[in-house]
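Colleague: To start, I am sharing the structure in question, which I have written as structure tokens.
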Amino acid sequence: MPSVVKLREASVRCFFKVCDSFPDVPLPHQPDPGSCTTHWNRSKTSQTLFRCQGCPQKLDRLMEKTLTIGLTLFLTLCLDIPEAGGRKEGANGDGAQKRSSRSSDTKGGRCSYTFIVPQQKLTGALCLNTQSATTNHSEVAALRAELRRQQDQLEKLRVQLDQEGALTMEVRALRKESNSMNSRIAQLYAQLLHEVIHKKDQALEQRRVENLLLNATTQALQVSSNYRELEKKYGALTSMMSSQNQLISRLEKQCQCRDSTPQSSLVMTEPPKSQSNVHPNYSSEANEMTNDVQRDQSAPPPQQEKTRGGPSLPITTANTPTDPPFISFPVTKTPGPWRDCQHVLESGENTSGIYLLRPQSANRLMQAWCEQSRAQGGWTVIQRRQDGSVNFFRTWEQYKQGFGNLDGEYWLGLEHLYWLTKQAQYKLRVAMEDWQGRQVFAEYDSFHLEPESDWYRLRLGQYQGNAGDSLSWHNNKAFTTLDRDKDSYTGNCAHYQKGGWWYHMCAHSNLNGVWYRGGHYRSRYQDGVYWAEFHGGSYSLKRVSMMIKPT
1 MPSVVKLREA
11 SVRCFFKVCD
21 SFPDVPLPHQ
31 PDPGSCTTHW
41 NRSKTSQTLF
51 RCQGCPQKLD
61 RLMEKTLTIG
71 LTLFLTLCLD
81 IPEAGGRKEG
91 ANGDGAQKRS
101 SRSSDTKGGR
111 CSYTFIVPQQ
121 KLTGALCLNT
131 QSATTNHSEV
141 AALRAELRRQ
151 QDQLEKLRVQ
161 LDQEGALTME
171 VRALRKESNS
181 MNSRIAQLYA
191 QLLHEVIHKK
201 DQALEQRRVE
211 NLLLNATTQA
221 LQVSSNYREL
231 EKKYGALTSM
241 MSSQNQLISR
251 LEKQCQCRDS
261 TPQSSLVMTE
271 PPKSQSNVHP
281 NYSSEANEMT
291 NDVQRDQSAP
301 PPQQEKTRGG
311 PSLPITTANT
321 PTDPPFISFP
331 VTKTPGPWRD
341 CQHVLESGEN
351 TSGIYLLRPQ
361 SANRLMQAWC
371 EQSRAQGGWT
381 VIQRRQDGSV
391 NFFRTWEQYK
401 QGFGNLDGEY
411 WLGLEHLYWL
421 TKQAQYKLRV
431 AMEDWQGRQV
441 FAEYDSFHLE
451 PESDWYRLRL
461 GQYQGNAGDS
471 LSWHNNKAFT
481 TLDRDKDSYT
491 GNCAHYQKGG
501 WWYHMCAHSN
511 LNGVWYRGGH
521 YRSRYQDGVY
531 WAEFHGGSYS
541 LKRVSMMIKP
551 T
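Here the sequence shown is numbered in UniProt numbering, starting from 1 and rising by one per residue.
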């Protein structure tokens with residue numbers, strides 16, 4: 001039996017040595033389920049035939065050699081086993097019968113062989129492992145190392161996956177931020193474009209303002225030169241007026257020496273010689289403004305009355321110089337001065353003419369035309385238009401002091417009106433006549449002006465009359481001239497209406513406008529002498545006079 005065992009072990013070693021001779025064919029650690037298996041009924045051990053992988057040609061030759069050697073060894077082992085059993089039975093004589101009976105029982109099925117031939121052709125070497133499945137520490141260690149390595153790889157993959165997830169979130173956040181930045185850049189670009197356009201508009205506006213400033217500077221220089229010329233001419237006229245005042249004084253002394261009737265004598269009040277500017281509102285204007293109005297050229301020049309040997313104030317016109325002939329005026333019986341024309345009437349003077357006035361609490365003298373023949377008399381004429389001989393397109397200072405001819409067209413002056421209406425309660429009467437001879441009037445039960453600090457603002461009362469109310473629309477409005485724009489219009493109403501008035505937006509009445517002959521006129525603007533409720537704004541009236549009287 002030991003020899004058989006040794007022979008079997010030698011055959012097994014020989015088998016594995018043959019397999020080991022092929023280093024290129026590795027022995028697997030686990031049996032191939034498709035390999036053939038040999039069953040040992042006696043040793044009750046199973047030997048598994050392994051399939052060796054390698055070169056196909058070598059594996060075929062190895063398979064043939066291995067099968068031949070294996071079958072030879074297997075038959076040898078099977079033949080040796082019954083012989084060993086017979087020797088053992090001879091040595092043990094006492095139990096021969098028992099063994100014989102036992103052997104007789106097993107002769108029929110002493111040894112059986114099962115060959116499992118694979119259905120497919122084997123192309124590799126077959127390895128036979130006779131050892132039982134045992135644990136290999138090196139393989140376990142390798143498996144553990146491989147497991148650790150794979151776990152490390154998994155951990156690395158997990159960390160990398162987390163990092164990639166964080167990177168994905170960061171990329172999304174960056175995309176959102178990029179979108180917001182793009183929208184913000186678009187907004188900034190639109191804002192920048194708007195600013196550029198605004199800057200261009202500002203530059204254009206600045207150029208326009210600069211051009212306007214240059215034009216205004218040029219006009220200011222021209223006006224300044226004209227003003228210097230006017231100052232020179234004003235000095236000449238002042239000296240002429242002083243000489244005329246001296247002549248009037250001498251003539252008054254001569255007249256006082258004469259013994260004549262009141263109808264033939266002329267009594268004129270002489271202002272103090274030290275106050276040569278007592279009558280600045282009646283000084284002649286030698287040259288009109290640069291923007292003077294071209295009035296109706298068909299109007300005849302104002303008639304000059306024949307001289308009667310008496311002194312008079314010079315008559316000034318807008319276009320013709322004034323010759324110094326004397327014009328007689330109605331006689332004033334007493335030298336005055338009076339508070340107003342009502343005071344003149346109460347003093348017994350019922351003749352219309354020029355009188356010297358001094359309002360109460362006013363340290364100034366003035367001359368005015370007193371109308372004593374209309375509406376019970378006592379009217380102080382503050383404005384009169386009748387022939388277009390005086391240009392009413394004047395400056396603020398001229399409207400403040402007054403201008404024109406007392407016996408013809410004139411404006412009394414805003415400052416004189418303020419002092420007159422301050423001393424008592426006055427009413428206003430506006431008398432008008434058209435070119436067909438029709439006469440109408442408009443009367444207001446109260447009239448006064450505010451001081452210059454309030455731009456001589458108009459205060460009117462209730463209306464009555466037959467001309468229609470075209471002045472109440474101007475109530476509570478400031479006075480406006482070409483150089484003082486105080487109206488409610490965006491432009492300057494005085495520029496369009498060619499006069500000075502209490503303009504609103506702009507006018508329902510314009511009694512200081514351009515005097516046109518014939519009534520209806522054609523002009524770019526409504527700049528005639530009109531009363532809107534009487535013939536409308538395109539009809540220039542023939543005669544107009546504004547008069548005030550205390551109530």
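Beta carbons: idealized from backbone N, C-alpha and C, even for Gly.
Consult DSSP for Val4 and reduce its assignment to one of helix, strand or coil.
Modeller: The predicted position of Val4 is uncertain, since its pLDDT is 44 and thus under 50; a value taken from the coordinates is nonetheless stated next. Residue state for Val4 is assigned as helix, using DSSP reduced to three classes.
Colleague: Which whole-angstrom value describes the C-beta separation of Gly528 and Tyr516, a residue pair presumed to lie in contact below a C-beta threshold of 8 Å?
Modeller: 5 Å
Colleague: Decide if Ala532 is buried, meaning its Cβ has at least 16 other Cβ atoms within 10 Å, or exposed.
Modeller: buried
Colleague: Taking 8 Å as the threshold (C-beta atoms), are Leu458 and Ser509 in contact?
Modeller: no
Colleague: Determine, using beta carbons only, whether Gln383 and Leu412 come nearer to each other than 8 Å.
Modeller: yes
Colleague: Return the Cβ separation of Met241 and Trp379 in integer angstroms, given the expectation that the two are a contact with Cβ distance under 8 Å.
Modeller: In fact, because the Cβ distance is near 28 Å, the residues do not count as touching under 8 Å.
Colleague: Could you tell me the boundaries of the alpha helix (DSSP H) in which Leu428 lies?
Modeller: Unbroken run through Leu428 is the beta strand (DSSP E), Tyr426 to Glu433; no alpha helix (DSSP H).
Colleague: Determine the contact status of Glu371 and Gln386, defining contact as a CB-CB distance below 8 Å.
Modeller: no
Colleague: State the start and end residues of the unbroken beta strand (DSSP E) segment that holds Cys370.
Modeller: Met366 to Glu371
Colleague: I'd like the list of long-range same chain contacts for Leu428, defined as Cβ closer than 6 Å, with 5 residues on each side in sequence excluded.
Modeller: Closer than 6 Å at Cβ, skipping near neighbours: Tyr444, Phe447 and Ile548.
Colleague: Taking the beta strand (DSSP E) that Tyr444 falls in, what are its first and last residues?
Modeller: Residue range Gln439 to Leu449 is occupied by the beta strand (DSSP E) that includes Tyr444.
Colleague: With distances taken from CA atoms, which of Arg374, Trp338 and Ser373 is nearest Asn363?
Modeller: Trp338
Colleague: Just tell me which of Thr351, Tyr355 and Asn350 has its CA closest to the CA of Asp340.
Modeller: Considering only alpha carbons, the answer is Tyr355.
Colleague: Measuring only the C-alpha atoms, how far is Gln462 from Trp501?
Modeller: 20 Å
Colleague: Leaving out the 5 sequence neighbours to the left and right, which residues in its chain are closer than 7 Å to Tyr418 when beta-carbon positions are compared?
Modeller: Leu449, Pro451 and Tyr456
Colleague: Of all the options Gly468, Asn182 and Trp396, which has the alpha carbon lying nearest to the alpha carbon of Thr481?
Modeller: Of the candidates Gly468, Asn182 and Trp396, the one whose C-alpha sits nearest the C-alpha of Thr481 is Trp396.
Colleague: Hey, Phe441 and Gly404 are a contact pair by Cβ (cut 8 Å); roughly how many whole angstroms apart?
Modeller: Contact doesn't hold; Cβ gap of about 22 Å is too wide.
Colleague: For the alpha helix (DSSP H) containing Leu251, name the first residue and the last one.
Modeller: His137 to Cys257
Colleague: For the beta strand (DSSP E) that Val544 lies in, which residues bound it at each end?
Modeller: Arg543 to Pro550
Colleague: Do Tyr399 and residue 559 come within 8 Å of each other at the CB atom, strictly closer than that value?
Modeller: Nothing in the structure corresponds to residue 559, since the chain is present only between 1 and 551.
Colleague: So if DSSP puts Phe74 in a beta bridge, which residue, or which two residues, is it bridged to?
Modeller: Looking at the DSSP assignment, Phe74 forms no beta bridge with any residue, so it has no partner.
Colleague: With DSSP run on the structure shown, which of helix, strand or coil describes Gln464?
Modeller: strand
Colleague: Classify Ala220: buried if its beta carbon has 16 or more other beta carbons within 10 angstroms, exposed otherwise.
Modeller: exposed
Colleague: Roughly how many angstroms lie between the CA atoms of Arg149 and Glu155, to the nearest whole one?
Modeller: Each residue's Cα considered, the two are about 10 Å apart.
Colleague: Does the distance from the C-beta atom of His535 to that of Asp434 stay below 8 Å?
Modeller: Going by C-beta atoms, His535 is nearer than 8 Å to Asp434.
Colleague: Excluding the five sequence neighbours on either side, which residues of its own chain have a C-beta within less than 6 Å of the C-beta of Ala431, listed in chain order?
Modeller: Phe441 and Ser545
Colleague: Could you check the C-alpha separation between Ala190 and Val196 for me, to the nearest Å?
Modeller: 10 Å
Colleague: Go through its chain and collect everything with a Cβ distance to Ala467's Cβ below 8 Å, but skip five positions before and after it.
Modeller: Val430, Met432, Val440, Phe441, Ala442, Trp531, Glu533 and Phe534
Colleague: State the Cα-Cα distance for the pair Asp201 and Arg207, rounded to the nearest angstrom.
Modeller: 10 Å
Colleague: What are the partner residues of Thr66, as DSSP defines its beta bridges?
Modeller: BP columns for Thr66 are empty, so no partner.
Colleague: Cα separation between Leu460 and Tyr525?
Modeller: 27 Å
Colleague: Where does Thr421 sit, in a helix, a strand or coil, going by DSSP?
Modeller: Helix at Thr421.
Colleague: Which residue wins for smallest C-alpha separation from Gly537, given the options Gln160, Arg522 and Pro550?
Modeller: Arg522
Colleague: Of the choices Lys542, Tyr503, Asp485 and Gly491, whose alpha-carbon is the least far from that of Trp473?
Modeller: Of Lys542, Tyr503, Asp485 and Gly491, the residue nearest in Cα terms is Tyr503.
Colleague: Looking only at DSSP bridge pairs, what is Thr480 linked to?
Modeller: Trp501
Colleague: Have a look at Val381, Gln401, Ala375 and Leu406 and flag the residue whose alpha-carbon is nearest the alpha-carbon of Val390.
Modeller: Leu406
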